[in-house]
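Chains as they are written, first to last, in our numbering: chain A, 86 to 373; chain B, 96 to 531.
Here a beta-carbon is modelled for each residue, glycine too, at the ideal position from N, C-alpha and C.
One structure is given below, encoded as structure tokens.
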Amino acid sequence: MSWATKLKQTLAGLIARRTPLSSSQWEELQVLLLEGDLGPELAEQSLENLKASLERDATLEMALANLRAILLSLLPADEGLRLVNPPAAILFVGVNGTGKTTSIAKLAHSMREQGRRPLLVGADTFRAAAGEQLQQWATRLGLPFIGHEIGGDPSAVVFDAMEMAASRGLDPVLIDTAGRQHTTHNLMEELKKIKRVLGKKKAGEPQEVLLVLDANAGMNAIAQAQVFHETLGVTGLILAKFDSPARAGFLFSIARQWQLPTKFVGVGEKAENIRPFSAVEFLDQFLS
Amino acid sequence: MFENLSQRFQDIIKKLTGKGKLSVEDVDAALKEVRIALLAADVHLSAVKAFSQNVREKAVAREILESLTPGQQVVKVVRDELTEMLGPGTGGITVSSYPNSLMLVGLQGSGKTTTCAKLARIFKKKGKSVLLVGLDLKRPAALDQLKYLAKQEGIPCFAEQGAGAQATTQKAQEYFRAHHFDLAILDTAGRLHTDSDLMAEVKAVQDTFRPAESILVLDATTGHVALSVAEEFKRWLDYDSIILTKMDGDARGGAALSCRYVTAKPIRYFGIGEKTDDLEPFYAERLASRILGMGDVLTLIEKAEEAFSLKQQEKVEQALLKEKINLSDFLEQMRGLGKMGDISGLLPSMPGLPQLAGAKLDEKMLKRWEAIILSMTLEERLYPEIINSSRKKRVSSGSGTSVQEVNILLKRFEQFKLMSKQVKKGVLPKFMRNIH
Ligand SMILES: Nc1nc2c(ncn2[C@@H]2O[C@H](COP(=O)(O)OP(=O)(O)OP(=O)(O)O)[C@@H](O)[C@H]2O)c(=O)[nH]1
Ligand SMILES: Nc1nc2c(ncn2[C@@H]2O[C@H](COP(=O)(O)OP(=O)(O)O)[C@@H](O)[C@H]2O)c(=O)[nH]1
Ligand SMILES: [Mg+2]
Ligand SMILES: [Mg+2]
Chain A
86 MSWATKLKQT
96 LAGLIARRTP
106 LSSSQWEELQ
116 VLLLEGDLGP
126 ELAEQSLENL
136 KASLERDATL
146 EMALANLRAI
156 LLSLLPADEG
166 LRLVNPPAAI
176 LFVGVNGTGK
186 TTSIAKLAHS
196 MREQGRRPLL
206 VGADTFRAAA
216 GEQLQQWATR
226 LGLPFIGHEI
236 GGDPSAVVFD
246 AMEMAASRGL
256 DPVLIDTAGR
266 QHTTHNLMEE
276 LKKIKRVLGK
286 KKAGEPQEVL
296 LVLDANAGMN
306 AIAQAQVFHE
316 TLGVTGLILA
326 KFDSPARAGF
336 LFSIARQWQL
346 PTKFVGVGEK
356 AENIRPFSAV
366 EFLDQFLS
Chain B
96 MFENLSQRFQ
106 DIIKKLTGKG
116 KLSVEDVDAA
126 LKEVRIALLA
136 ADVHLSAVKA
146 FSQNVREKAV
156 AREILESLTP
166 GQQVVKVVRD
176 ELTEMLGPGT
186 GGITVSSYPN
196 SLMLVGLQGS
206 GKTTTCAKLA
216 RIFKKKGKSV
226 LLVGLDLKRP
236 AALDQLKYLA
246 KQEGIPCFAE
256 QGAGAQATTQ
266 KAQEYFRAHH
276 FDLAILDTAG
286 RLHTDSDLMA
296 EVKAVQDTFR
306 PAESILVLDA
316 TTGHVALSVA
326 EEFKRWLDYD
336 SIILTKMDGD
346 ARGGAALSCR
356 YVTAKPIRYF
366 GIGEKTDDLE
376 PFYAERLASR
386 ILGMGDVLTL
396 IEKAEEAFSL
406 KQQEKVEQAL
416 LKEKINLSDF
426 LEQMRGLGKM
436 GDISGLLPSM
446 PGLPQLAGAK
456 LDEKMLKRWE
466 AIILSMTLEE
476 RLYPEIINSS
486 RKKRVSSGSG
496 TSVQEVNILL
506 KRFEQFKLMS
516 KQVKKGVLPK
526 FMRNIH
């Protein structure tokens, strides 16, 4: 190809891209947002903001860049886990089956890689073999585990765990709780009690309350975040199962309404399948 | 945000049901809100579009737009169409010949293992000998979970770690055959629909057992991804039915509609809790109302329609026209309300009427109001403004009530009049004209 034809093609491409957004392109943007579980309200609002931010002859590329900036501005900055004064307790909560237990195993694995010795605490004394699940992870990872029989009092497990961590120099204390629907009042009260017991055992604990959300969820994740946050004061989110093609747009609503940062992203079932949340990477996947 | 949405939806129902005649534009405006409600319930965009098109065709039909109660008819078309797209309910699973098997598949954490135990319980109750088969060799303690549940239910369980998926499946089948069980319920590992290795693995299980039904277990909280989940699992397994779990939470469950839209497979059950008896046969009407988030409004419309004969409606309409609403009309309307049964229970959830939430219209109070009005002279009933304090005293002692109660009644009547005027302007829904 001659230099001239190349230039001509590039110019043609540039000119083509300078055509203003058509209504079908607007619709494409809308579909993109809705299919990513952003929710109808925030999708509408974001597109309105986008419209206001664009010149009359804006291109699709400019629109996407602005949209990215608008969405990015909704996500709060995250500082990772802030743990002081060991042993620090981290409480993992969430509705049934979102990925709490597995996320603990993954975080424990990466903490051990960093030279720490976390304690895995099976305070899910409700679900069949929930304790065994975490215990098997502990064995695999070569880390200490503490738990009680099924039907035991989760607050008691947590109490014992803090003693054990203090006496054996284990840190942090990763506490697995039973999955529960945020609509079940007494089960939410049970979590409050666990939190209270931790605070009584050692002032300032738990230092983190992490809500685990399933990336495959839709708008209900927002209701989950609201109630868990109101009940317990959630300090951060873990987005599990993000190896799924789901795009988890509900995170924007949650971030906007309660300024909750996402701290980690789970991307598979293996111990190493976890990484710190990156807003930029999240947006790459969300807008893809 | 949900308050906001349901408010919008309430507004549209209010507008629709308040109108004597609807235009095609009215229907379109209403459908826009319905689409938003469905999206907020996690129904996939393409299912939403198809649904709204179907509804539009039916709703703009002449009979509906020109009927006596077009707004209510449109609301009904929406609900009926949704019910049809979701239905029909099949009353659970029936297995026509034994020995046979059921296989449960789905994403990680959707509720397969728990649902296996729930199904085993149901078939055991029917007198079948059931074997639970644990084929999740991947998640730590997955087999322990199934074994525990099996033991709790007194159901035999085949759960062996060690060999690969293929070999274990073979062994499980041999065990099933050798012990002459009626039904094997196969618990498989959770997997992403995009993981072709794992999808091929579960396909092999299906090929070995050839189950009576392969069942997709779907979490009610699933978002837009449900569509591709349903599609891919179908492509690999052509599964037979769907079970929707975690309906005890407050998820709307719109994912089920996405699945039905791409597969047309029946939904068999709702999971409504973590215990083994927390499984209910699926009802399309219930899910339809839940997805729409309409609360009990449809029930109320129906009740209202039954309670008020057309004749009464016409009478009120005439009175409204003359703007001469009197206490006799009021009494008649109140009696009509009494017939609606426990209306106070319905009021708080009724779209468009948050202001009525506090006003309890119980039978007892209606009886007392009736007594008060019956103690009035005809003139007083027609021209309540003449009721001064000495008349009030007479009426209250005649009806065995207090002057204060008479005052309250007259105040309510004033509100009734005011609202009726608004109704005339088309502000209030038709079926609510009689409430104040
Ligand atoms: N693909 C994928 N699967 C995951 C991920 N995290 C967890 N899972 C799987 O999801 C399922 C549920 O995970 P668990 O860790 O048991 O979830 P949980 O929240 O502890 O569940 P309950 O205690 O039963 O409420 C398991 O099959 C996990 O292997 C992830 O990041 N990606
Ligand atoms: N609230 C509620 N929890 C459920 C229901 N079905 C399953 N679960 C819970 O969801 C979690 C995952 O269920 P499980 O059966 O292990 O899912 P699997 O990974 O698909 O086998 C567990 O905590 C179950 O107790 C349901 O209908 N309602
Ligand atoms: Mg768990
Ligand atoms: Mg399982």
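(request) Find the residues of chain A that neighbour residue 137 (chain B), judging by a C-beta separation of less than 8 Å, and give them in chain order. (result) Here residue 137 (chain B) corresponds to residue number 42 of the second sequence, with the count starting at 1. Going along chain A in sequence order, the residues near residue 137 (chain B) (Cβ under 8 Å) are 122, 303, 304 and 305.
(message) If you measure between the beta carbons of residue 333 (chain B) and residue 282 (chain B), is that distance less than 9 Å?
(response) To locate residue 333 (chain B), count along the second sequence from 1; it is residue 238. To locate residue 282 (chain B), count along the second sequence from 1; it is residue 187. No, the pair does not count as a contact, with Cβ atoms beyond the cut-off.
(request) Tell me whether residue 218 (chain A) counts as near ligand 4, meaning its Cβ is closer than 8 Å to at least one heavy atom of that ligand. (result) Indexing the first sequence from 1 puts residue 218 (chain A) at position 133. No.
(message) Going by C-alpha to C-alpha distance, which of A:339, A:268 and A:242 sits closest to residue 283 (chain A)?
(response) Working through the first sequence from its first residue, we reach residue 283 (chain A) at position 198. Looking at A:339, A:268 and A:242, the one whose alpha-carbon comes closest to that of residue 283 (chain A) is A:242.
(request) Please check the pair residue 261 (chain A) and residue 189 (chain A), which I expect to be a contact at CB under 8 Å, by giving their CB distance rounded to whole angstroms. (result) Here residue 261 (chain A) refers to the residue found at position 176 of the first sequence. Here residue 189 (chain A) refers to the residue found at position 104 of the first sequence. The beta-carbon separation of residue 261 (chain A) and residue 189 (chain A), rounded to 5 Å, stays under the 8 Å limit for a contact.
(request) Quick one: list the residues of chain B neighbouring residue 112 (chain A), beta-carbon separation under 9 Å, in chain order. (result) Counted from its first residue, the first sequence places residue 112 (chain A) at position 27. None at all; the shortest Cβ gap to chain B is about 11 Å.
(request) Locate the beta strand (DSSP E) running through residue 321 (chain A), then write down its first and last residues. (result) If you number the first sequence from 1, residue 321 (chain A) lands on position 236. Unbroken beta strand (DSSP E) run through residue 321 (chain A): 321-325.
(message) Is there a Cβ of chain A sitting closer than 9 Å to that of residue 147 (chain B), yes or no?
(response) Position 52 of the second sequence, counted from the start, is the residue given in the question as residue 147 (chain B). It does not; no Cβ of chain A falls within 9 Å.
(message) Could you check whether the Cβ of residue 225 (chain A) sits closer than 9 Å to any Cβ belonging to chain B?
(response) What you label residue 225 (chain A) is simply residue 140 of the first sequence in a count that begins at 1. By this cut-off, residue 225 (chain A) is an interface position.
(request) Output the distance between the C-alpha atoms of residue 208 (chain A) and residue 240 (chain A), rounded to the nearest integer angstrom. (result) By 1-based counting over the first sequence, the position of residue 208 (chain A) is 123. By 1-based counting over the first sequence, the position of residue 240 (chain A) is 155. Rounded to the nearest angstrom, the two C-alpha atoms are 8 Å apart.
(request) For the alpha helix (DSSP H) containing residue 305 (chain A), list its first residue and its last residue. (result) Residue mapping note: residue 305 (chain A) aligns to position 220 of the first sequence, counting from 1. Residues 305-317.
(request) Mind listing the chain B neighbours of residue 331 (chain A)? Cutoff is C-beta to C-beta under 8 Å, in chain order. (result) Translated into the one-based positions of the first sequence, residue 331 (chain A) becomes position 246. The answer, in chain order, is 318, 319 and 320.
(message) Quick check: the Cα distance between residue 164 (chain A) and residue 275 (chain B), rounded to an integer number of angstroms?
(response) For the purposes of this step, residue 164 (chain A) is taken as residue 79 along the first sequence, with counting starting at 1. For the purposes of this step, residue 275 (chain B) is taken as residue 180 along the second sequence, with counting starting at 1. C-alpha separation (whole angstroms): 60 Å.
(message) Let me check understanding here. Comparing Cα to Cα, which of B:237, B:471 and B:387 lies closest to residue 423 (chain B)?
(response) Locating residue 423 (chain B) in the second sequence gives position 328, where the first residue counts as 1. Per the Cα distances, B:471.
(request) List the residues of chain B whose Cβ lies closer than 7 Å to the Cβ of residue 125 (chain A), in chain order. (result) The residue you call residue 125 (chain A) lines up with position 40 of the first sequence. Chain B residues near residue 125 (chain A): 131, 134 and 135.
(message) What does the Cβ neighbour count give for residue 534 (chain B), buried or exposed, with the cut at 16 atoms within 10 Å?
(response) One cannot answer for residue 534 (chain B) here, as it falls past the ends of chain B, which runs 96 to 531.
(request) Please list the segments of the beta strand (DSSP E) lying wholly inside the region 198-266 of chain B, counting only runs of 3 or more residues, in order along the chain. (result) Fully enclosed beta strand (DSSP E) runs of 3 or longer: 225-230.
(request) Decide yes or no for the touch test of the region 148-168 of chain A against the region 249-262 of chain B: beta carbon pairs closer than 8 Å, at least 3 of them. (result) Contact annotation: the region 148-168 of chain A does not touch the region 249-262 of chain B, with fewer than three C-beta pairs closer than 8 Å.
(message) Classify residue 498 (chain B): buried if its beta carbon has 16 or more other beta carbons within 10 angstroms, exposed otherwise.
(response) Your numbering for residue 498 (chain B) matches position 403 in the second sequence. When all chains shown are included, residue 498 (chain B) counts as exposed.
(request) Would you mind giving the Cβ-Cβ distance between residue 357 (chain B) and residue 200 (chain B), rounded to the nearest angstrom? I have them listed as a contact below 8 Å. (result) Position 262 of the second sequence, counting from 1, holds the residue named residue 357 (chain B). Position 105 of the second sequence, counting from 1, holds the residue named residue 200 (chain B). That pair is no contact at about 16 Å.
(request) Express the C-alpha separation of residue 184 (chain B) and residue 234 (chain B) in angstroms, rounding to a whole number. (result) One-based indexing of the second sequence puts residue 234 (chain B) at position 139. One-based indexing of the second sequence puts residue 184 (chain B) at position 89. Going from the Cα of residue 234 (chain B) to the Cα of residue 184 (chain B) covers about 33 Å.
(message) 9 Å is my cut-off, CB to CB: does residue 268 (chain A) come that close to chain B?
(response) Within the first sequence, numbered from 1, the residue matching residue 268 (chain A) stands at position 183. Closer than 9 Å: yes.
(request) Going by DSSP, name the residue or residues bridged to residue 261 (chain A). (result) Locating residue 261 (chain A) in the first sequence gives position 176, where the first residue counts as 1. Answer by DSSP bridge pairing, in chain order: A:177 and A:207.
(request) Report, in whole angstroms, the separation of the C-beta atoms of residue 340 (chain A) and residue 299 (chain A), which I expect to be a contact under 8 Å. (result) The sequence position of residue 340 (chain A) within the first sequence is 255, counting from 1. The sequence position of residue 299 (chain A) within the first sequence is 214, counting from 1. Between residue 299 (chain A) and residue 340 (chain A) the Cβ distance is about 17 Å, and since that is not below 8 Å, they are no contact.
(message) With distance defined between alpha-carbon atoms, name the residue in B:263, B:307 and B:324 nearest to residue 291 (chain B).
(response) Translated into positions along the second sequence, residue 291 (chain B) becomes position 196. Answer by Cα proximity: B:324.
(request) Measure the C-alpha to C-alpha separation of residue 169 (chain B) and residue 378 (chain B) and round it to an integer number of angstroms. (result) Taking the first residue of the second sequence as position 1, residue 169 (chain B) is located at position 74. Taking the first residue of the second sequence as position 1, residue 378 (chain B) is located at position 283. Each residue's alpha carbon lies about 22 Å from the other.
(request) In the DSSP assignment, find the unbroken alpha helix (DSSP H) run with residue 341 (chain A) in it and report its ends. (result) Here residue 341 (chain A) is taken as the residue at index 256 of the first sequence, counted from 1. It spans 335-343 - the alpha helix (DSSP H) in which residue 341 (chain A) sits, taken as one unbroken run.
(request) Report the residues of the region 176-188 of chain B with a CB closer than 9 Å to any CB of chain A, ordered along the chain. (result) Taking 9 Å as the cut-off between beta carbons, none of the residues of the region 176-188 of chain B comes near chain A.
(request) Counting only runs of 3+ residues fully inside the region 274-299 of chain A, write out the beta strand (DSSP E) ranges in chain order. (result) 293-299
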